[in-house]
Each structure stands twice: as structure tokens, then as C-alpha cells.
Amino acid sequence: MFKGRKAASEVVASLVILLIVSILGSSLYSFSITTMMYQQENMYADIEVEIARSKESYKVIHIGWDGLGDDLNVMILNYGQLDLKISEVYVNGAMTTTYLSGRLETIQTTKLANVVLTSPVPIIAGSNYEIVLASQRGVSYVSNWTP
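All residue numbers in the sequence shown are consecutive under the numbering used here, ending with 333.
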């Protein structure tokens, strides 16, 4: 009489353990799939940004200075495959805070544009300056300039 009960309790215990393992396995599988999908989406977004960066090319053609103040007129040629916007300009490592025109304006491919700014450092004739432009996509261009 007790032998049948013992056998039934072992079967029930095995089924409970199997149920617990199945639930834990399903939960782990679901978590893993969700995490991998999230990482895959982030990876594809990063790849798209890098592809866009590789298609973005521009060059400083001329830097104009009137010889009096600290205002600079930076002429840029976009020769890349995508339109771009200049978001930041640094002069000798100092970030420009005063833009008179051209900042964040779209520069179409194969077109020239000007960014007019007030230099954050004093401009002195004969001195060397490193001017770094950065686009919204993070592509930078370094120009060494002597007025």
C-alpha cells in the first residue's frame, strides 16, 4: 500500500523539478534573445553612423581675416557624398562660442559655404593657429593657419 504512494510521489517530484527547470530555461532563453536583439540593434545603429561618417568629407579652402578684430571667415568645401553641418570650431584648442553665421547650416555636397565666427583666442598677424572644425556626425578637419 505504501509502495504505490512512494512511486507516485517520486513521479510528482520529478514532474515538479522538470517544470521548474523548464520555466527557468524559458526565462533565460527569453532574456537572452531580448538582450541579443537589443545589442544587434545598437550595433546596426553604430554601423550606420560609421557608414555616414565615411561618406562625409570636407575641406577648409580659405580662412579670411580682416587684420583688425578676431572675426574669422572659414570657407568650407563639401566634397563628400552627404550634406553636412558644422557644429563646432576650435581655435588652438579653445571652443568657439560666438558664431556670426554658418553654424549648423546645411552644406550640400559639392558646394562651398562659410562659417563666420569670433575667435576665442586673440588673432595676431604672423602667429600660427590650429583650427579644428567638427561636423554633427563627429567628422573633424584640422587646418593650420598663419594670418
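Ideal Cβ positions, reconstructed from N, Cα and C, are used throughout, including at glycine.
key: Own chain partners of R239 with C-beta closer than 7 Å, once the 5 adjacent residues on each side are dropped   = R323, G324, V325
Complete runs of the beta strand (DSSP E) confined to the stretch 216 to 254 [at least 3 residues] = Counting only runs of at least 3 residues, the stretch 216 to 254 fully encloses the following beta strand (DSSP E) elements, listed from N- to C-terminal order: 244 to 251.
query = Going by Cα to Cα distance, which pick from E291, W251, F217, M222 is closest to A311?
reply = W251
Residue range of the unbroken beta strand (DSSP E) whose run includes A320 = 315 to 321
task = Look at the Cβ atom of P306, then the Cβ atom of A280, and state whether they are nearer than 8 Å.
result = yes
Residue closest to S259, alpha-carbon to alpha-carbon, out of S321, S243, G288, Q226 = According to the sequence as given, residue 259 is Asn; it is not Ser. N259 has its Cα closest to that of G288, out of S321, S243, G288, Q226.
query = Can you round the beta-carbon distance between L298 and V275 to whole angstroms, since I take them to be within the 8 Å contact cut?
reply = The C-beta separation of L298 from V275 comes to about 17 Å, leaving the pair out of contact by the 8 Å criterion.
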